[in-house]
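Working notes, beginning with the structure itself.
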Amino acid sequence: MSNIMNIESMNKTQTRVAYKVVNSLLWSSRSGSVQYKVNEWVDAPGNTRLFVFDTLHEAKNFRNDNEKIYECYVKGGIKYFGSLCAYNNKVFWYEFNRSLQRKKKVQIKNVELTDIEALLVKSVKLIREITK
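In terms of our numbering, the sequence shown has 1107 at position 51, counting the first letter as 1, and numbering is strictly consecutive.
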């Protein structure tokens, strides 16, 4: 797995369909720092992004048994791997934002990353729960 990803961002107003993994109360599945609402836009806090997946297959591979998957609309995305452990989030976002500011390839060091690429987005709007 390469820890380098070209910065290929979506237009900030462009929307597309993706898949979001959440817990039963619609909180972020792993960090628990963001609560989502169905049919309402939710923005990423501070200088972070929200993690979604391009395909239902990727979301299913990431999901734990007690988590749900929602089809969603997203805005402002960059394809990259996420931080595997929540305690590394500060280091992850520091290096991520530093790369974006320098307009260079995102290269995260000193943080264990997930093995599934995610789409890191600025805004998410949950549409419907996927039940299959």
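Cβ coordinates follow ideal geometry from the N, Cα and C atoms, glycine included. Here the structure is a predicted model, which is why all the values come from computation and not from measurement.
Per the coordinates, the alpha-carbon of Ser1080 lies some 16 Å from the alpha-carbon of Phe1118.
Under the three-state reduction of DSSP, Val1147 is assigned to helix.
When DSSP reads this structure, Gln1070 sits in no beta bridge, so it has no partner. The beta-carbon distance between Glu1127 and Arg1072, rounded to whole angstroms, is 11 Å. This is too long to meet the 8 Å contact definition. Asn1095 and Glu1123 have their C-alpha atoms spaced approximately 19 Å apart. In the three-state DSSP reduction, Ser1089 falls in the coil class, being neither helix nor strand.
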